[in-house]
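Protein sequences, first through last, are from chains E and B.
The numbering used here puts the first residue of the first sequence at 1, with every later residue one more than the last.
The numbering used here puts the first residue of the second sequence at 1001, with every later residue one more than the last.
Here's the structure we're looking at; comments come further down.
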Amino acid sequence: MCNPSNYDKLDDRLSKIPVELAVGTRLAHDITEIRPGEFKGPSFRRGHKVEQQDLCHLMRLGKRHLYVLDLKADQVHEDDAVAELAAALAGPGVTYGSQPREGKLQLTAAYSGLLKVSTEALVDFNLIPDVMCASLHDNVPVNQGQVLAGTRAIPLIIDRGILDQAVALALKRAPIFSVKTYCRLRARLIITGNEVYEGLIEDRFEKIVRQKLEALGVSLEETVILPDDRQLIADHARRFLAAGTDIMITTGGMSVDPDDVTRLGIRQAGVETLYYGAAALPGAMAMLAYKGNIPIIGIPACGLFHQTTVFDLLLPRLLAGENPDNRDLARLAVGGLCLDCDVCRYPACSFGKAS
Amino acid sequence: MQDFETLLEGSAKAHGHMCAGQVVGVRMAMLGCELIGLDEPSSMPQIKKIVVYIEIDRCAADAIAYVTGAKLGRRSLKFVDNGIMAATFVNLENDKAVRIVSTEESRDLAAQYAPDIPDKRQQQLEAYKRMPDDVLFRVQKVKVDVPVHDMPGPSRFKTRCERCGQVVRDKKEVLQGGKVLCKPCAYGAYFRTVGSERSKEVADHVQPEQL
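Pasting the structure below:
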């Protein structure tokens, strides 16, 4: 249909052809259309055979020339390249779309859980020319089907050698992306405070904690309200720890008053490790302790006032079976300052996105 | 595509009996295929373009599979255990997809559409033949991003459970506590072994050990 003499060779890989002479040729790549506020996506897909009636549409999109592909053996089209990149980047719990769009593929969560990103490996991957991958932050909770990352070959055509280099790096450092399933599924809650125990004020912590647990598929098996009594707290903590608990939560009694004895009670219950204080605001007075493989997280009273606190940052990691230590609590520092927005958009914000 | 009566007869034969579910399933599948632009879904080349998600394991499911040619073993039939009389028809070539739900109202309207038939079962069956599409069904235009591990075609992903050694295909493994596990090891199994065949691995499936 098309006379090769119409082709204007740009280099040895791509020829361009005036759009009005392109009828009968097949598109070398998806053609993106942007209608502000309405649509962004491919109006024409790679391989589409250009028809007479397409010409107006293509010209309206600003196309005066189209590319004609002439691939050599050591060259790979962006759509084929990105499928190889995605396969190498997607570790356990991560999948990707079956159809590249505009040369891109999105990596998605195969199931809900905690996103893990090998950040150094991802930086090294992006240092390889002609490939890129951008993602969500490490350690954020993700839902099944949620987009985690996007990857693409940057030019329309990539050299096989460079593509192989990128794939080899991703495989050697695998998994660059993975999702950990939540496995600590039975939670128990100790609410402390004389004022709540004596009925002077109504407890509001249970509802908050229950909602946050249930949002991640975890059931709150038991709740007890206790006075600020170190011995009672220790006794109930021991009972909970022996009752088939995967994660224990305490609320209140984390501050500096003489009546704030929750962490002392938890220590008395026989925990091996106890960290007090986290580099996050709100949540500086949080506690994190371990008895064997059972974590005990203490939420300070700020958890009643602020919609999102250090509890929200640590909970997904704990539920995914991780045992953060004092270094992890310190690492929260960068991005650990909540912006206290009028309408909370967490996790779609900078809070807890430690570098 | 064959006409409704021919498809219904074939579907009832394949399913084992004629019933209202066959009528609903055949009509739903015919409508679904039409809306996504496939007229011969069970033969080449269209057989490679269709994926059907069925949300119920009742009579109609077999009718939908019969008309569309979608099969579990071809990976073109996906069972989503929602207990909803609904199915989604996806054309992989042009990304067109519709979800069709069988309406609850249609059950109550059976007498109205087939007052001449006294037998309740027959009345329902005949009424479902006579009802217009917009009474029998609710149609939603949807978008389904079929992920690469659910696509038809050869298996591209294979790994091994780090606890029991079982090979797991198609990215159905889970990462739990730092280990790649098969779902029975991670979440527990739907079965319990009995007698002398009980092995340690299977025992672990029943009661997953702590991390």
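For glycine and all other residues, C-beta sits at the position ideal for the given N, C-alpha and C.
Note that the structure is predicted; figures quoted are calculated from it, not measured.
TODO: Report the rounded CA-to-CA distance for ASN3 of chain E versus ALA22 of chain E, giving the unit in angstroms.
DONE: The residue given as residue 3 of chain E occupies position 3 in the first sequence. The residue given as residue 22 of chain E occupies position 22 in the first sequence. Bear in mind that the predicted position of ASN3 of chain E carries a pLDDT of just 39, short of 50, making it too unreliable to give a figure here.
Task: Short Cβ contact (8 Å threshold) for LEU1052 of chain B with ALA1070 of chain B - done: Here residue 1052 of chain B refers to the residue found at position 52 of the second sequence. Here residue 1070 of chain B refers to the residue found at position 70 of the second sequence. The question names Leu, but residue 1052 of chain B in the sequence shown is Val. Yes.
- [ ] Using only alpha-carbon positions, find the residue among E:GLN307, E:ALA242, E:PHE311 that is nearest to THR251 of chain E.
- [x] The residue you call residue 251 of chain E lines up with position 251 of the first sequence. Nearest of E:GLN307, E:ALA242, E:PHE311 to THR251 of chain E, Cα basis: E:PHE311.
- [ ] Using a cut-off of 8 Å between C-beta atoms, extract the partners of CYS183 of chain E located in chain B.
- [x] The residue labelled residue 183 of chain E in the question sits at position 183 within the first sequence. Neighbours of CYS183 of chain E on chain B, chain order: GLN1176, GLY1177, ALA1186, LEU1211.
Open item on the list: Taking 8 Å as the limit between beta carbons, can you name the residues of its chain near ASN1091 of chain B, skipping five residues before and five after?
Closed with: By one-based count along the second sequence, residue 1091 of chain B stands at place 91. These residues qualify, in order along the chain: ILE1036, GLY1037, LEU1038, LYS1049, ILE1050, ALA1097.
Task: Bridge-paired residues (DSSP) for SER1155 of chain B - done: Residue numbering aside, residue 1155 of chain B sits at position 155 when the second sequence is read from its first letter. Its beta-bridge partners do not exist; DSSP assigns none.
Open item on the list: Quick check: the Cα distance between LEU299 of chain E and GLN146 of chain E, rounded to an integer number of angstroms?
Closed with: In the first sequence, counting from the first residue as 1, residue 299 of chain E sits at position 299. In the first sequence, counting from the first residue as 1, residue 146 of chain E sits at position 146. The residue you asked about is not Leu; residue 299 of chain E is Ile in the sequence shown. Rounded to whole angstroms, ILE299 of chain E to GLN146 of chain E spans 29 Å at the Cα level.
Task: Contacting positions in the segment 99–120 of chain E - beta carbon closer than 7 Å to chain B - done: THR108, ALA110, TYR111
Task: The alpha helix (DSSP H) enclosing ILE249 of chain E, as first and last residue numbers - done: Residue numbering aside, residue 249 of chain E sits at position 249 when the first sequence is read from its first letter. No alpha helix (DSSP H) holds ILE249 of chain E; the beta strand (DSSP E) holding it covers 247–251.
Task: Residue range of the alpha helix (DSSP H) that includes THR192 of chain E - done: Here the question's residue 192 of chain E lines up with position 192 in the first sequence. Careful: THR192 of chain E lies outside any alpha helix (DSSP H), inside the beta strand (DSSP E) at 186–192.
Open item on the list: Run through chain E and tell me which residues come within less than 7 Å of GLU1173 of chain B, C-beta to C-beta.
Closed with: To locate residue 1173 of chain B, count along the second sequence from 1; it is residue 173. The answer, in chain order, is PRO92.
- [ ] Give me the Cβ distance between LEU69 of chain E and SER43 of chain E, rounded to the nearest whole Å; I'm assuming they're in contact under 8 Å.
- [x] Residue numbering aside, residue 69 of chain E sits at position 69 when the first sequence is read from its first letter. Residue numbering aside, residue 43 of chain E sits at position 43 when the first sequence is read from its first letter. No, LEU69 of chain E and SER43 of chain E are not in contact; Cβ-Cβ is about 19 Å, not under 8 Å.
- [ ] Run through the segment 229–286 of chain E for me and flag every whole alpha helix (DSSP H) of 4 or more residues, listed as ranges in chain order.
- [x] 230–241, 262–268
Task: Proximity test, Cβ basis, 8 Å: PRO1147 of chain B and chain E - done: Within the second sequence, the letter at position 147 stands for residue 1147 of chain B. PRO1147 of chain B counts as touching chain E.
TODO: Would you give the residue range spanned by the beta strand (DSSP E) that ILE157 of chain E belongs to?
DONE: Counted from its first residue, the first sequence places residue 157 of chain E at position 157. Its beta strand (DSSP E) spans residues 157–159.
Task: Simplified DSSP state of PRO175 of chain E, which is helix, strand or coil - done: For the purposes of this step, residue 175 of chain E is taken as the residue at position 175 of the first sequence. PRO175 of chain E: coil per DSSP, three-state reduction.
Task: ARG204 of chain E versus E:ASP260, E:PHE305, E:ALA243, E:GLY161, residue with shortest Cα-Cα distance - done: Locating residue 204 of chain E in the first sequence gives position 204, counting from the first residue. The shortest Cα separation from ARG204 of chain E among E:ASP260, E:PHE305, E:ALA243, E:GLY161 belongs to E:PHE305.
Task: Between the CA atoms of PRO141 of chain E and ALA83 of chain E - distance to the nearest angstrom - done: Residue mapping note: residue 83 of chain E aligns to position 83 of the first sequence, counting from 1. Residue mapping note: residue 141 of chain E aligns to position 141 of the first sequence, counting from 1. Approximately 25 Å between the Cα atoms of the pair.
Open item on the list: Restricting to runs no shorter than 4 residues, where is the alpha helix (DSSP H) found entirely within the segment 45–97 of chain E?
Closed with: 54–60, 78–89
Open item on the list: Please confirm whether THR32 of chain E has its beta-carbon closer than 8 Å to some beta-carbon of chain B.
Closed with: In the first sequence, the residue the question calls residue 32 of chain E occupies position 32. Not an interface residue.
Task: Contacts of VAL1051 of chain B in chain E (Cβ-Cβ under 7 Å) - done: Counting from 1 along the second sequence, the entry for residue 1051 of chain B is found at position 51. Residues of chain E passing the Cβ test: none, with the nearest at roughly 10 Å.
TODO: Just mark TYR1190 of chain B as buried or exposed, buried being the case when its beta carbon has 16 or more other beta carbons within 10 Å.
DONE: Along the second sequence, read from residue 1 onward, the residue named residue 1190 of chain B stands at position 190. Exposed: under 16 other Cβ atoms inside 10 Å.
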